[in-house]
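Chains as they are written, first to last, in the working numbering: chain A, 1052 to 1297; chain B, 331 to 530; chain C, 2 to 838. Note that CB positions come from ideal geometry on N, CA and C, so glycine has one too. Inspection log for the structure reproduced underneath, given as structure tokens.
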Amino acid sequence: MNIIRTDSLTKIYGDEAHKLYALKDVTFSTEEGEFVAIMGPSGSGKSTLLYLLGGLDHPTNGKVYLREKDISTLPDNALSEVRRQQIGFIFQFFNLIPVLTAQENVAIPLILDGVPRSEALSRAEQALQKVGLADRKSHRPSELSGGQQQRVAIARALVTNPAIILADEPTGNLDSKTSDEVISLLRNIVDEYKRTMIIVTHDPRVAAHADRIVFLKDGEIADENHLKGYGNEAQIREQLGRITVH
Amino acid sequence: MSVKNTLLALLFQHPMHGYELSKQLPLVLNAEWDVKPGQVASTLARLKEANLVDYDVEPNDDAPDRKVYALTPEGLEELTVWYLTPEVRGYRLGDTFYIKLVLSLIGGPVSPEQVLISQRRELYRQLHDVTELRRQADPITQLPWVLLLESAVMHLEADLRWIEMCEARLPDLKRYNPPEPEVKARGRPRRRAEEATPND
Amino acid sequence: MKSAAWLQMMIMVAQYLKGRKLRTLLTTLAVVFGVGMIFAFNLVLPSAMDAIRHALEGDQEAVDLNITSTTGEAFAPEQPIQAISNLEGVEAVAGILQRKVIFPDNFNAAYDEIEMVGVNPATIRQVNAYELKDGQFLQPEDTGVLVVPNGVAKVGDTFPLLTTNGVQSYQVVGVLKDKPINPDMPRLLTTLSDAQAIVNQPGLINLIQVKYADGANSDRLTAQIEKTLGADFVTNAESDTFASMKIGLAMLNVFAVIALFLGGFLIFNTFRTVVIERRHDLGMLRAIGATRRQIMQLILLESLLQGLIGTFIGLVTGYLLALIMTHYLTGLYSQFAGSITLHLEIRASAFLLAALMGLGVTLLAGYFPARHASRTAPLEALRPTTVAAAHRAARWGLYVGLGLMLVAALLLIVNEAGAPLGAVVFLVGTVIAAPGLVVPAARLLDPILTLWFAREGDIARSNMVRQPGRASITASTLMIGLATLIMIAAMVSGFDAMTEDMLNTSFASDILLMPPAIAVYSNLIGADPSLKQNLMALPEVETVSDWHFASSFHDGSRLYILGIDPTTYPQVTALEFREGNAQDAYAALSSGRNVIINSLTAITFGLRVGDTLALQTAEGAQPYRVVGIANDILNLKLLSMMISQDNMATDFHKTESIFLMINLKPGVDQQVALSKIKTVAQAYPQFKVDLTDNYRKDLLDITTGVVQIFYILAALILIPAALGLLNTLTINMLERTREIGVVRAIGASRTQVQRMVVAEALLLGLFGAAMGVLAGVAMSYGFTTAFSTIGWKVPYIFPIMGIGAALIIAILLAMFSSVLPARNAAKLDIIRALQYE
């Protein structure tokens, strides 16, 4: 079943006189347990697509179906509920509330949803455990490194058991080693907990973790690249494992 | 890959005989090694000749006596110089993909975009697989392997970024108009040209 | 929302507040200030009103019904008492003559005033038990004796009383069980005949007390009595002498509310910044599924929390302020009308009003930013702000504001009646235009700024222009404060000029015999005609002219009627005639029922010269014809009128002098004459004898004293303006921490950073001052000219001094409020500032 599916999604910014197509007739879908990367040069509409998929913005034309339910025309409150319960968000700048502890930050989506505080906090702790930060649960964001902050944000996205996790340049603000750790963590989450994940990135090394890469250009899908199941491993192992001497 | 320096580097650890040397090398590098034992022996002989190594004969009861090789001071110096000489990767302009791309620019059955996309697809697939291998490798017990995989990751990344760059430059590149080869005038050359250039 | 979310939000809010201590403090202070003022005023004012009413009118005793005449004057008892007694359900009726007596200074050590109550010993105790503690009650044949409340005097003490025949000594024969209702003004019981002799009103009473039979329906019975007595009498009358005083005191509340709303501006500014500052947090919350409601609640909760803290501290501060004000008011009142005691009691109404206003204004100030926050799409919150929209709104505001100012200017010029409206519209227009004026004003003021801040001026200017909304609100706060100041200054100088002018014409006589209080004539004990005759007999005296007094009611308002001698009056003083002329008017007074009314009376009842007024007198309604409209300074603020003393004697039975003006013969030594007159007046200590010149000076001093209150109020309004400046500068500094780091990193010195902040403050201050001067001139003109509609000729004096003061104050306030932010900015650690988010 498609977790998320779009139908000729179009988004236009600007007024009648200066139409700016951010997205043009994008039809795209994701299956459960899939890890998709969206790539493309800046201004190609990759962030816009992610925002539309996440119900952060309304499309000008076309539809977004989450589990076959059209969310593109929902009123604000219903859309908020969808975001709260079915979508997990990870941002480039982590966007943690500076005055709350890691555990409280992770618990926010549950609390917004009306889960009793004690239950919310214990579920937040479990989520922190999944990202390996259970021992830092009472630290404030300012007391954590960038990578740790992003892991807290990942825990926050996981805590509601969402149907899909959307990440906007999740490694954009991290150095390469931390970035590798974070993207591996995301890959593990997809594999271990059978989550569906869509990330926007411009980093080939990050995108290479995905099962599929969707390339956007000028608001349109330029290429879809399925990475999974080509079985090049043996060949690579052979190539890299043989040293030629002269 | 030069056998000579590899042998010197291994001998720096402790004196070894030829057979030991040929067994040790793949273990250290965690890779297959296509050097025949004969090649090791002939190399050692050349090194001895150049006074970079020396050997003691170690008597052996069951088999012929073995020569145990060790570094000479000259050998140590040669090894040090090798370690400190930087290696530069060759930039091969004759790369097949480069030729494909440039030729597609001047017109062909496929557009340059398609050439780029097709290349990118393959590079990403490889990168995906290398990444998978890298994720499966144990970073402690398989450190050389991890280093090798990461080197591959980085090179693939570099190639991808280059493709990205080409893609961004495509609008400019499409205007690329290579100079036409000078077409030799046939028949009677003009007088002045005749005077200036000799015939070949 | 579920409780979990509330709790979590409370934690978040508390943490946010803790993170910005200075700003939280300032915002809280703004609430504290407004709430404190409202609470204090509403604690003090009702108490003050009560105290003043006690002081002016005495207390009504707890009997079933008190009946007075509609005019407030004495009346013959027989007919009404008979009529009431005949009604079924009435158990007893008693006639009383009571009068408040103000003693002159140093007359009686214990009291400045008493209420003298003449009762019929035979009947009074059927109505009012008057239980005795000591001694005996009054007997019908007694004379020269008193029964006093517990603690006032002992049996056998003597008590000096002022009468129309001079001072007489009374003996205390009984002490009541009850303490006096008003300890500052005890009710002394004497026989009705003594009382009538003391005030020279034989056979008259001015109060009927009624006791109902057990089980009688008191409401129905009261209605029945009112019907029986008709229009000449009122039951349980509440005085409306305080109407004007109430208005004056209510003005204090207006000031408090303005202060609170200026505080509201400040809070609004803070919350708007809070919303901008937390865009990322709020955007994230929206993105992960917070509803608009939840975002709104988050911000509102924060303002509520601040409102609660501020209101609580404000209530405590208000109580302390009330204590101080009580002290001040007591002193001020004693300057005019004798001593009063203020009892502060915590009234639920004052408490509720202050608390609700405090919370209400905070919530309101938080509401718009909260709504703004909730309306931002999650995406917008993740992107940088768009400056273009703010500028477009500012330009729109500029056009509307300038339009309003134009309309206001027309209103001001065209019509006196429309002038105050014009002034208010002008002020509103300025506030609306303010955001759009920020940029041009910054450009305009730039040359001035460059004088002092050659290097830092540019940065300061661009900083102010960057947030036109915030700059304009801050400047508007300052503007309102300064405009008020300028308006007060102009009105004060106008009033001063008018007072001086009128004092010079009103007091043309050489020597005055002044009663202890002006404008509360009904409580005065006058002097019988012998005083005037004795004065006339002095060889140095050329003319004596006096006022007799009676009060009346017309259309529900109390009238103050003065009886004058039309022949001598023009010799000692001059009325300022607005309609009619002096010669004809005085002549008309002597012939028949004619009256000269003052402007206030003319405007209140719509009377012109030639109209006839049906005046309620002791002899029923009598027609008086208006022959002139003229003002004198002492009665300017009262509904007053003048009739001849002959008519007053006939219609009101009043012949006592309450105020005497004396002209000396030419060439007489004033000091010698003064001492001779003092000797004659010795028997009438209720009068203060002084040269008119001295009195005129005293009067001017008192005017100045009252005026000072208004300056204090203007100062109070400047406090929120100062807080607002401080708040804005602090917010700006916090917001620009990183920029300051950059400026420091590329080589600005600490001093330069400091000067940058001071320059910005100065720019804001000057901008506010410029608008304040404009609005101040409009407001002062509008309100000064408005007085002519009630017949006062207040000259408009251009408030040069006020404008100067406003400019200096604006600069000082700007400098003062920039000290702390400037120091903080200069002290910033460069590295930490650069890393600041």
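- When only Cα atoms are considered, C:Met-499 and C:Gly-611 end up about 28 angstroms apart.
- With 16 or more other Cβ atoms inside 10 Å of its own Cβ, C:Val-542 counts as buried.
- In the DSSP assignment, the residues bridged to C:Gly-136 are C:Gly-175.
- The C-alpha of C:Met-465 is placed about 18 angstroms away from the C-alpha of C:Gly-773.
- Take B:Val-383, set aside five residues on each side of it, and the residues of its chain with a beta-carbon closer than 7 angstroms to its own are Leu-341, Leu-374, Leu-377, Tyr-399, Ala-400, Leu-401, Thr-402, Gly-405, in chain order.
- Within chain A, the residues placing a beta-carbon under 8 angstroms from that of B:Tyr-454 are Pro-1255, Ala-1258, Ala-1259, Ile-1264, Asn-1276, Leu-1278, ordered along the chain.
- In the DSSP assignment, C:Ala-615 falls within the beta strand (DSSP E) that extends over 613 to 618.
- For B:Lys-514, no alpha helix (DSSP H) segment is defined, and its DSSP state is neither H nor E.
- Shown here, A:Gly-1096 sits in coil according to DSSP, grouped into three states, outside any helix or strand.
- DSSP, reduced to helix, strand and coil, places C:Arg-100 within a strand of the structure shown.
- Close CB contacts of A:Ala-1171 within its chain, under the 7 angstroms cut and outside five residues either way in sequence, are with Ala-1158, Leu-1161, Ile-1162 (chain order).
- Among the bridge pairs identified by DSSP, C:Pro-624 is matched with C:Ala-615.
- In this structure, DSSP gives C:His-555 an extended state, which the three-state scheme calls strand.
- Considered as a whole, the stretch 722 to 786 of chain C harbours 738 to 746 as its complete alpha helix (DSSP H) runs of no fewer than 4 residues, in chain order.
- Around the Cβ of B:Pro-501, a 10 Å sphere holds fewer than 16 other Cβ atoms; the residue is exposed.
- Using a CB distance cut-off of 8 angstroms, A:Leu-1163 counts as an interface residue toward chain C.
- Each of A:Val-1077, A:Asp-1226, A:Glu-1085 was checked against the Cα of A:His-1260, and the nearest Cα belongs to A:Glu-1085.
- According to the DSSP assignment, C:Ile-798 belongs to no beta strand (DSSP E), since it is labelled neither H nor E.
- Residue pairing for C:Leu-692: DSSP places it in a beta bridge opposite C:Ile-512.
- Under the Cβ criterion of 8 angstroms, C:Asp-830 is not counted among the residues facing chain A.
- Close to C:Gln-16, with beta-carbon spacing below 8 angstroms, are these residues of chain A in chain order: Val-1150, Leu-1151.
- Shown here, A:Ser-1123 sits in coil according to DSSP, grouped into three states, outside any helix or strand.
- Taking a C-beta distance under 8 angstroms as the contact criterion, C:Met-297 and C:Val-45 do not qualify as a contact pair.
- Out of A:Ile-1148, A:Glu-1155, A:Asp-1269, A:Arg-1187, the CA that lies nearest to the CA of A:Gly-1096 is found in A:Asp-1269.
- The contact set of A:Arg-1246 on chain B, defined by CB atoms closer than 9 angstroms, is empty, because the minimum CB distance reaches about 17 angstroms.
- CA-to-CA, the gap between C:Glu-736 and C:Thr-274 works out to about 9 angstroms.
- At a cut-off of 8 angstroms between beta-carbon atoms, A:Tyr-1102 makes contact with chain C.
- The alpha-carbon of C:Tyr-329 is positioned some 35 angstroms away from that of C:Thr-69.
- Scanning chain A for C-beta atoms nearer than 9 angstroms to the C-beta of B:Arg-491 yields Pro-1255, reported in chain order.
- A contact between stretches requires three or more CB pairs, one per stretch, nearer than 8 angstroms, and the stretch 308 to 328 of chain C fails this requirement with the stretch 1134 to 1151 of chain A.
- For the stretch 1206 to 1235 of chain A, the set of residues with a beta-carbon nearer than 8 angstroms to any beta-carbon of chain B comprises Ser-1235, in chain order.
- Here the alpha carbons of C:Arg-294 and C:His-373 stand approximately 12 angstroms from one another.
- Neighbours of A:Glu-1284 in chain B, taken as residues at a C-beta separation under 8 angstroms, are given in chain order as Asp-459, Glu-462, Leu-463.
- Only residues of its own chain outside the window of five on either side were considered, and among them Ser-170, Gln-172 have a CB closer than 6 angstroms to the CB of C:Thr-159, listed in chain order.
- The C-beta of A:Ser-1131 comes closer than 8 angstroms to at least one C-beta of chain C.
- For C:Ile-562, the secondary structure class from DSSP, reduced to helix, strand or coil, is strand.
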